[in-house]
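Asks: Protein chains in written order, with our numbering: chain A, 3 to 115; chain B, 2 to 114. Just so it is clear, CB atoms sit at the ideal spot from N, CA and C, and this is done for glycine as well. None of these values were measured; they are calculated from a predicted model.
#1: Using 7 angstroms as the limit for Cβ to Cβ distance, is residue 107 of chain B near chain A?
#2: For a contact defined as C-beta to C-beta under 7 angstroms, what are the partners of residue 56 of chain A on chain B?
#3: Return the residue from the list A/65, A/86 and A/105 that minimises the CA-CA distance to residue 96 of chain A.
#4: Is the CB-CB distance between residue 107 of chain A and residue 8 of chain A below 7 angstroms?
#5: The beta strand (DSSP E) with residue 70 of chain B in it runs from where to where?
#6: Which residues, in order along the segment 82 to 111 of chain A, keep a beta-carbon less than 9 angstroms from a beta-carbon of chain B?
#7: Would you kindly work out how many angstroms separate the C-alpha atoms of residue 93 of chain B and residue 78 of chain B, rounded to a whole number?
#8: Checking contacts by CB at 7 angstroms: is residue 22 of chain B closer than that to chain A?
#9: Evaluate residue 13 of chain B with the Cβ neighbour count: other Cβ atoms within 10 Å of its Cβ, from every protein chain shown; 16 or more gives buried, anything less gives exposed.
#10: To the nearest angstrom, how far is it from the Cα of residue 54 of chain A to the Cα of residue 32 of chain A?
#11: Within this structure, are the beta carbons of residue 77 of chain A and residue 24 of chain A separated by less than 7 angstroms?
#12: In chain A, which residues lie less than 9 angstroms from residue 66 of chain B when you measure between Cβ atoms?
#13: On the criterion of 16 or more Cβ atoms from any shown chain inside 10 Å, does residue 61 of chain B qualify as buried, or is it exposed?
#14: How is the beta strand (DSSP E) around residue 93 of chain B delimited, first residue to last?
#15: Does the structure place the segment 66 to 77 of chain B close enough to the segment 19 to 34 of chain B that three or more beta carbon pairs sit under 8 angstroms?
#16: Can you list, in chain order, the residues of its chain with a C-beta nearer than 8 angstroms to that of residue 68 of chain A? Leave out the 5 residues immediately preceding and following it.
#17: Mind pulling the chain B residues with CB within less than 7 angstroms of residue 34 of chain A?
#18: Can you tell me where the beta strand (DSSP E) with residue 62 of chain A in it begins and where it stops?
#19: Where residue 46 of chain B and residue 43 of chain A are concerned, what is the direct C-alpha to C-alpha distance, given to the nearest angstrom?
#20: Taking any Cβ of chain B, which residues in the segment 25 to 54 of chain A have a Cβ under 7 angstroms from it, in chain order?
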C-alpha cells in the first residue's frame, strides 16, 4: 500500500535561518507531488506541484522553493525564513494523471520566531 | 479559485442529527470532486469522491450530491457523531490539465453533545 512520510512534525526556526522540509512517498511510482501551506483556521494554499523529477511548478511567488531530486521525494526549502513563513505545511501525492484523489501527509507545523 | 485568507465558516450540529456541508465550485468543466476531512493538527483525509457523470454517491454514513447546473456540491453526514468534528474541504480537479486540485474555503463542523 502507498504511504506518505513528511517530517519533521513540528519545527521552530529563527528568522533568517534556512529551511528544508522533506516528503517521501512509498508504494507508487511517478506520482504527482504537491506542497500546500495552511494558515491557522484557514484554507489550503498550493505552493508547488511536480509531475516528474526536476519538474516544479510554482503557484505563488514567495520566499520558498521546491525540488524533486528523486521520483518519490519532494523537498521544500528556503534560504532565509521570514516571520510570514510560519504555518502548517502539507505534502500530498496523487496518481499521475487526473481524476483521482490526493493523499496528504500529516503536516509540519513551522513557527518562525 | 483557491480560497486562502478567509476564516472558516462554522456549522454546529447536535449529536445524532444529520449534517449538510455545502460547497460552490468554480469551473463548470471540472469533472472530478473530492471531500476531505481535516482534524486539528493533521493532514486532510479523503472521505468520498464523485465524478461529473454522477449526481449522487453514497459511502458509509456520508453522501455526496453534485448539482452541475448551479455548480454546487454537498456532503451529508448521517447521525453525526462527536468524532465527525473537524474541518471539511471540498476540492475539484483543475480541468485545464495541470493536475492541480482547487480547494474550497472549508467548513468547520462542531458536534454538540
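Replies: Let's see:
#1: yes
#2: What residue 56 of chain A touches in chain B: nothing, since even the nearest Cβ is about 16 angstroms away.
#3: A/105
#4: yes
#5: First-last for residue 70 of chain B: undefined, no H or E at that position.
#6: 90, 92, 93, 94, 96, 98, 99, 100, 101, 102, 103, 104, 105, 106, 107, 108, 109 and 111
#7: 20 angstroms
#8: no
#9: exposed
#10: 7 angstroms
#11: yes
#12: Chain A residues near residue 66 of chain B: none, gap ~18 angstroms exceeds 9 angstroms.
#13: exposed
#14: 87 to 94
#15: yes
#16: 37, 49, 50, 52, 58, 60, 76, 77, 78 and 79
#17: 100
#18: Here residue 62 of chain A belongs to no beta strand (DSSP E), and DSSP marks it neither H nor E.
#19: 17 angstroms
#20: 34, 43, 44, 45, 46, 47, 48, 51 and 53
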